[in-house]
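Residue numbers (the working numbering): 3 to 810. All C-beta atoms in this analysis are idealised placements derived from N, C-alpha and C, irrespective of residue type, glycine included. Computed from a predicted structure; not experimentally measured.
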Amino acid sequence: MALKDTEQENKYICGHCSSEVNPKTGIYEKENDKYFCCEGCRSVYHLINDEGFASFYTKRTDWDDAAPAEQVEADEEYFETSLEVLKNGDYSLSIVITGIRCAACIWLIESLALKDERIKSFRINYANHKAKIVFNPNDISVKEVLQKITRLGYCPLPSTNIETIHDKERKDYFYRFGVAAFFTMQVMMYSIANYTGYFKGMDDSLYFLFKLLSWVLATPVLIYSAYPFFQKSFAALKHFHFTMDTLVAIGAGTSYLYSVAAIFLGYETYFDTSVMIITLILLGRFIEAGAKQKGGNAVAKLLSLKPKNVRKIICEQNGEKTYITIPIDQLLKGDLFEISTGSNVAADGKIIEGICEIDESMLTGEPMPVNKKEGCQVYAGTKLINGTCIVMAENIGIDSFLSKIAASVDDAQSSKAPIQDVADNFISKFVPFVLIIAFLSFIYWYFLASVGAELSIMRAVSVLVIACPCAMGLATPLAVISATNKLSETGVIFKNGEAIERYAYVNDFYFDKTGTITTGNMSVTDCKLSFSCSSVLNLITSAAFYSKHPASKAIAAANESLYECEKFEETAGKGIIAEIKNTNIIIGSQKFLQENSVKFTAEYEKYIEKAIEKGWTIVCAAVNHILVGVFSISDIIREEAALTISLLQKEGNNISIITGDSQKAANIILGNSGINANIFANVSPFDKGSILQNAKDTKKTVMIGDGINDAIALTAASVGISMRNSTDISIESASAVLLRNDLSIIEKSHKICRKTLRIIKENLFWAFSYNFIAIPLACTGLIHPVMSAAFMSFSSLFVVANSVRIKK
Numbered sequence: 003m004a005l006k007d008t009e010q011e012n013k014y015i016c017g018h019c020s021s022e023v024n025p026k027t028g029i030y031e032k033e034n035d036k037y038f039c040c041e042g043c044r045s046v047y048h049l050i051n052d053e054g055f056a057s058f059y060t061k062r063t064d065w066d067d068a069a070p071a072e073q074v075e076a077d078e079e080y081f082e083t084s085l086e087v088l089k090n091g092d093y094s095l096s097i098v099i100t101g102i103r104c105a106a107c108i109w110l111i112e113s114l115a116l117k118d119e120r121i122k123s124f125r126i127n128y129a130n131h132k133a134k135i136v137f138n139p140n141d142i143s144v145k146e147v148l149q150k151i152t153r154l155g156y157c158p159l160p161s162t163n164i165e166t167i168h169d170k171e172r173k174d175y176f177y178r179f180g181v182a183a184f185f186t187m188q189v190m191m192y193s194i195a196n197y198t199g200y201f202k203g204m205d206d207s208l209y210f211l212f213k214l215l216s217w218v219l220a221t222p223v224l225i226y227s228a229y230p231f232f233q234k235s236f237a238a239l240k241h242f243h244f245t246m247d248t249l250v251a252i253g254a255g256t257s258y259l260y261s262v263a264a265i266f267l268g269y270e271t272y273f274d275t276s277v278m279i280i281t282l283i284l285l286g287r288f289i290e291a292g293a294k295q296k297g298g299n300a301v302a303k304l305l306s307l308k309p310k311n312v313r314k315i316i317c318e319q320n321g322e323k324t325y326i327t328i329p330i331d332q333l334l335k336g337d338l339f340e341i342s343t344g345s346n347v348a349a350d351g352k353i354i355e356g357i358c359e360i361d362e363s364m365l366t367g368e369p370m371p372v373n374k375k376e377g378c379q380v381y382a383g384t385k386l387i388n389g390t391c392i393v394m395a396e397n398i399g400i401d402s403f404l405s406k407i408a409a410s411v412d413d414a415q416s417s418k419a420p421i422q423d424v425a426d427n428f429i430s431k432f433v434p435f436v437l438i439i440a441f442l443s444f445i446y447w448y449f450l451a452s453v454g455a456e457l458s459i460m461r462a463v464s465v466l467v468i469a470c471p472c473a474m475g476l477a478t479p480l481a482v483i484s485a486t487n488k489l490s491e492t493g494v495i496f497k498n499g500e501a502i503e504r505y506a507y508v509n510d511f512y513f514d515k516t517g518t519i520t521t522g523n524m525s526v527t528d529c530k531l532s533f534s535c536s537s538v539l540n541l542i543t544s545a546a547f548y549s550k551h552p553a554s555k556a557i558a559a560a561n562e563s564l565y566e567c568e569k570f571e572e573t574a575g576k577g578i579i580a581e582i583k584n585t586n587i588i589i590g591s592q593k594f595l596q597e598n599s600v601k602f603t604a605e606y607e608k609y610i611e612k613a614i615e616k617g618w619t620i621v622c623a624a625v626n627h628i629l630v631g632v633f634s635i636s637d638i639i640r641e642e643a644a645l646t647i648s649l650l651q652k653e654g655n656n657i658s659i660i661t662g663d664s665q666k667a668a669n670i671i672l673g674n675s676g677i678n679a680n681i682f683a684n685v686s687p688f689d690k691g692s693i694l695q696n697a698k699d700t701k702k703t704v705m706i707g708d709g710i711n712d713a714i715a716l717t718a719a720s721v722g723i724s725m726r727n728s729t730d731i732s733i734e735s736a737s738a739v740l741l742r743n744d745l746s747i748i749e750k751s752h753k754i755c756r757k758t759l760r761i762i763k764e765n766l767f768w769a770f771s772y773n774f775i776a777i778p779l780a781c782t783g784l785i786h787p788v789m790s791a792a793f794m795s796f797s798s799l800f801v802v803a804n805s806v807r808i809k810k
């Protein structure tokens, strides 16, 4: 049995420190039958035994039962709301990591975590400190994953607490800055007096007293305000890594320690330099934290649209209805709930009773309310403007359209654009490089230039403080967050930062015609039939009912009596083969029916030719392999399509339209609408993918589509954009999804992405140029350490301000 307390048999004690262990949170080793309160105790226990000092545990006396480190609650239950089970069975854990100070912190955490092959993916967004970790729960537990973070001195928390966490972090910066600013002003007062006395004369005892007072006043700044810098520096150094905090801690700490020694050696003190470094950097980080929090709250805003409670309806056996108010997370699929004027919809569902007006602007951007009646779809987060309705819940929680949008925004903000790799590779080597430069600077000034220890130390400190990897770390993620917010406001959600960068480069636009260039609201304009009985029409319309193609839906609208389909097979882009009441039914293009041994008479051939000349889409129907009818289907070109294509062409982009229609029909339909573009006609779904794959430059292609038959092309393109009313498979295949069916968003979002890429390049150019110029200047002694701290903070704030320009 594992080691237990002899007085209380139900308590377990740590195998190293003898403190009480909670079996749920403790670490149990089956091979040794021991519990440990933390990873530190287990490591020390093995170290002692491996070195042959196991007798230590029998010989020790007066042992303090306190655990050596603070125990962190890291069980799966606490992080349950942050866990998502992926399709392949892996866990995706979304958390917020507190204590991150710079880009090097992120590199440190990611690098050490990914050394464990059991962790498949680990990425952190510098702008909001959110991390997404993918791992197999059979290989490694949630607790083990989190302990890889805590042992570095950082604290993981559930992502649901992100707003509270960011508020606390900003308040922490504010309090530490406030303390630092107060004492810094006092230190500066005595420092100015000392500087004045140095030139004009001052009594030695008073001069010494002012130095002592400066020491006393500077100490709280180093102990309290600068504590996070030293804490993270020591945690990183344990693993032989360096971060931005290392530079600040060494710079401020060196100035402070030198000044303490200088008091008693009779040299000049630099307490003012030490505290000013801390104060200015804390000010910069406080402002930076506010900007990042403001820029990254899009997900919180979206999720806040959901009401906290919902009015659920319980139908009694006698037909009466009982209304109860429950928390939204207790609402189940199939439940009935009521929405009334002024309230937000709790879940996606269908109206089963009532008429109302719904404001969907928060999802689609459309300012006008939408009239809804029985059978209409409503979405979580939208607001009822007028009326009262009863809704049956269909998609709840994370399955709702609102939650999926929020998840896509979150993924986009958390992901890295490829251009960020340049900065990441540089940052990993930057801090050690700066430490070497600072050391060489000290060596030069002290031993070669012989300016003395005082100036040599100050110039080395200046090098440490002026270096700024933070600007490099912020350059891309903050721009991506600003772009994601702006794009969602425009009406499109990109799934990751890589797609945003790729879209900025594209110049070959491929549009699907049906449902994209056109509205997709097809109707039967004309038809030629070889039968008069309604039973044959019901067979055809029933088969069409089971198809998702817009043309089939137009035919199915004429159904009067829906028959059950016994067999159904749909060939995307061609047609369907069904069996109803032991009758074979084929519906599709003329070519598809001919491939299935259906013959066309001269009369039907002539009708089809005339219909094509009018720009109609032709759908043929056969019963038991005998042609029984041809339907002429018409669609409406979107009113913004011609202008959008014209604007894209003016910007130097190539436009192509892909359709399954004949060349003649496509030319007539598009020509009558004023659209001048390259047309690919008679294209099958597989051929759509080939067109994209055979493009001149596949890295500069974008496909815009909406149906199942567009899925291959959406995947083949560098960027795939799915329309709002797309099928699930096309949405999954796409890199981005429109929130409303408005083609003008395509052109607007392209401009935003190009602007984003330009600003990222500006940020990186600034970050690299700043360090390239500032570090050599600090080495020469031209910049005082206090000014170095100010310049370093300004460098990060410049990147923040430049990234915010994307929203304008």
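Short Cβ contact (7 Å threshold) for residue i with residue j
i	j	result
Val136	Ser96	no
Ile844	Lys310	The first residue shown for the chain is 3 and the last is 810, placing residue 844 beyond what the model contains.
Val508	Val739	no
Met705	Ala683	no
Ser276	Tyr258	yes
Lys308	Ala238	no
Ile495	Ala545	no
Ile660	Val621	no
Gly707	Gly575	no
Ile647	Ile657	yes
Spatial distance of residue i from residue j (CA atoms)
i	j	result
Asn388	Asn346	12 Å
Phe176	Thr100	16 Å
Leu541	Thr527	20 Å
Glu33	Trp109	35 Å
Thr390	Gly356	6 Å
Ala115	Gln149	10 Å
Ala69	Val463	Caution is warranted here: a pLDDT of 36 is assigned to Ala69, below 50, making its placement in the model unreliable, and the coordinate value is therefore given only provisionally. Cα to Cα, the separation comes out at about 38 Å.
Phe688	Ser746	28 Å
Leu285	Leu457	27 Å
Glu500	Tyr565	47 Å
Gly336	Thr384	19 Å
Val818	Ile279	Since the first residue shown for the chain is 3 and the last is 810, residue 818 is missing from the structure and cannot be characterised.
Cys358	Ala348	16 Å
Trp65	Phe38	Because Trp65 carries a pLDDT of 39, less than 50, the predicted location of this residue cannot be relied on, and the following value inherits that uncertainty. Those two C-alpha atoms are separated by around 16 Å.
Glu362	Ile748	20 Å
Asp247	Val87	36 Å
Lys698	Arg760	24 Å
Lys702	Ile502	12 Å
Ala624	Ser402	40 Å
Ala71	Pro25	Annotation note: pLDDT 35 at Ala71 (below 50); position unreliable, no value reported.
Met191	Pro329	58 Å
Expected contact under 8 Å - CB spacing of residue i and residue j to nearest Å
i	j	result
Ile341	Leu404	Not confirmed; about 14 Å, so no contact.
Cys632	Lys530	It should be noted that the sequence gives Val, not Cys, for residue 632. At roughly 5 Å, the Cβ-Cβ gap stays under 8 Å, so Val632 and Lys530 are in contact.
Ala715	Ser675	About 22 Å; that fails the 8 Å criterion.
Ala769	Met474	4 Å
Phe570	Asn561	Not a contact, Cβ separation roughly 15 Å.
Which residues DSSP lists as bridging residue i, in chain order
i	result
Thr343	Answer is none; Thr343 lacks a bridge partner.
Arg125	Lys134
Ser724	Gly707, Val739
Tyr226	Partner(s): none; Tyr226 has no beta bridge.
The alpha helix (DSSP H) enclosing residue i, as first and last residue numbers
i	result
Ile151	144-152
Leu88	No alpha helix (DSSP H) contains Leu88, which DSSP labels as neither H nor E.
Asp206	206-222
Arg760	746-782
Tyr507	499-507
Lys2	Shown here, the chain extends from 3 to 810; a query on residue 2 therefore has no answer.
Span of the beta strand (DSSP E) around residue i
i	result
Gly31	Note that residue 31 corresponds to Glu in the displayed sequence, not to Gly. Note, Glu31: beta strand (DSSP E), 29-31.
Lys385	385-397
Ser634	628-636
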